[in-house]
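Participant:
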Amino acid sequence: MSYINNNTGFPAHTLSSRSVIKKNMYAIITPDGLVKNNIYGYENCDISILSSPLLGASFVDYIITVKKDGRNLCGIGNECEEVFLFVIEGSLLVYNHNKKTELTKGSYFFSPADFKLYFENNSNDNAEILLYKRKYKPLNNLSPDTIYGNINDIPYSSFEEMDNVFIKDLLPSNNFAYDFNFHILMFKSGAGHGYLETHIQEHGAYILSGKGMYNLNNNWYGVEKDDYIFMASYCIQGGYCVGKDDFIYIYSKDCNRDAEIK
Ligand code: UGY
Ligand code: MN
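With positions in the sequence shown counted from 1, the corresponding number in the numbering used here is that position plus 7.
1) Would you call the region 239 to 247 and the region 30 to 46 touching, i.e. three or more CB-CB distances under 8 Å?
2) Within this structure, are the beta carbons of Asp132 and Gly97 separated by less than 7 Å?
3) Between Phe66, Tyr155 and Asn51, which lies nearest to Gly77 when the distance is taken from Cα to Cα?
4) Would you decide whether Val42 is buried or exposed? Buried here means 16 or more other CB atoms lie within 10 Å of its CB.
5) Say yes only if the C-beta of Glu204 is nearer than 6 Å to one or more non-hydrogen atoms of the ligand MN, and no if none qualify.
6) On the DSSP bridge assignment, give the partners of Tyr5 in chain order.
7) Can the beta-carbon of Cys262 be found closer than 7 Å to that of Asn188?
8) Give me the residue from Ser24, Tyr10, Phe17 and Pro38 with the minimum Cα distance to Tyr213.
9) Please confirm whether Ile158 and Gly201 have their CB atoms less than 7 Å apart.
10) Below 8 Å, how does it come out for the region 119 to 133 and the region 99 to 107: are there three or more Cβ pairs, yes or no?
11) By the three-class DSSP mapping on this structure, what secondary structure does Ile236 have?
12) Note the first and the last residue of the continuous beta strand (DSSP E) segment covering Val101.
13) Does the distance from the C-beta atom of Met220 to that of Tyr247 stay below 7 Å?
14) Can you have a look at Glu267 and say buried or exposed, based on whether 16 or more other CB atoms are within 10 angstroms of its CB?
15) Would you mind working out which of Gly197, Glu209 and Gln208 sits nearest Val249, comparing C-alpha positions?
16) For Tyr49, which residues of its own chain have a beta-carbon under 6 Å away from its beta-carbon, when the five flanking residues on both sides are left out?
17) Can at least three beta-carbon pairs, one atom from the region 126 to 143 and one from the region 55 to 70, be found at a separation below 8 Å?
18) In terms of alpha-carbon separation, which member of Asn148, Lys269, Ser150 and Tyr10 lies closest to Asp53?
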């Protein structure tokens with residue numbers, strides 16, 4: 008039950024949750040249980056914070072319902088923080104000092120550090136967005152460009168040579184100006200990872216379609232559309248598509264930087 012799925016009030020059953028929180032390792036955050044946060048600069052928006060440093064992430068993810076006339080004109084991000092916005096449902100005018108565009112379902116906008124990102128919902132319908140921000144890790148004098156696009160315009164490539172798992176890269180890969188990427192991973196019915204991954208990179212993943220069985224640090228969980236998964240550095244991870252529908256999620260992954268000695 009939650010504001011986000013219009014399911015509030017007296018429960019029909021005893022209280023329960025599919026969410027699982029293992030701070031500093033992984034979390035499954037389901038729509039049931041989300042609560043609203045008030046954040047300065049956001050008008051007519053319902054905001055829930057998903058990953059954050061308090062959970063063990065180096066980044067912050069938000070799920071935001073931008074209602075009619077909803078907007079952020081104060082700007083998101085600063086000279087050190089880069090921002091990535093993905094439209095799950097609806098449409099939204101999004102801009103920084105460099106580029107401006109109307110985003111529709113499946114569209115995304117990357118705004119580098121130094122620029123603030125602004126948005127306005129000028130439509131009559133709600134827009135549902137996933138917002139990600141992180142501290143940019145500069146390298147030499149490289150600087151990434153503002154980028155926008157739509158996942159439907161990016162072709163799938165086979166994932167690790169499998170013919171039933173596919174991937175899309177939303178930002179340029181093999182370009183050291185960028186220190187993270189967003190990807191779409193799609194599993195056909197019955198398909199799964201070839202192995203359980205163990206890696207230094209973190210992920211925040213939002214399930215766009217279907218159902219899966221997902222392994223997080225050697226524990227199996229059922230997950231489904233609109234669930235969110237946080238995977239910390241070195242969290243063992245992988246899964247299978249369960250059921251008829253393709254299992255698809257969008258996820259962030261840091262990249263192109265060496266590990267630091269503190
Ligand atoms: O790119 C990745 O690391 C991705 N395959 N991880 C994941 O799906 N959990
Ligand atoms: Mn991974």
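Yeah, the Cβ is synthetic: ideal placement off N, Cα and C, and Gly gets one too.
Because the structure is a prediction, the values reported are computed rather than measured.
Facilitator: Reading from the atomic positions:
1) A contact exists between the region 239 to 247 and the region 30 to 46.
2) Yes.
3) Asn51
4) So Val42 counts as exposed.
5) yes
6) This structure does not reach residue 5, given that the chain is present from 8 up to 269, and the question cannot be answered.
7) yes
8) Nearest of Ser24, Tyr10, Phe17 and Pro38 to Tyr213, Cα basis: Pro38.
9) Gly201 is positioned such that its CB atom lies no closer than 7 Å to that of Ile158.
10) yes
11) strand
12) Leu99 to Tyr102
13) yes
14) exposed
15) Gly197
16) Asn79
17) yes
18) Tyr10
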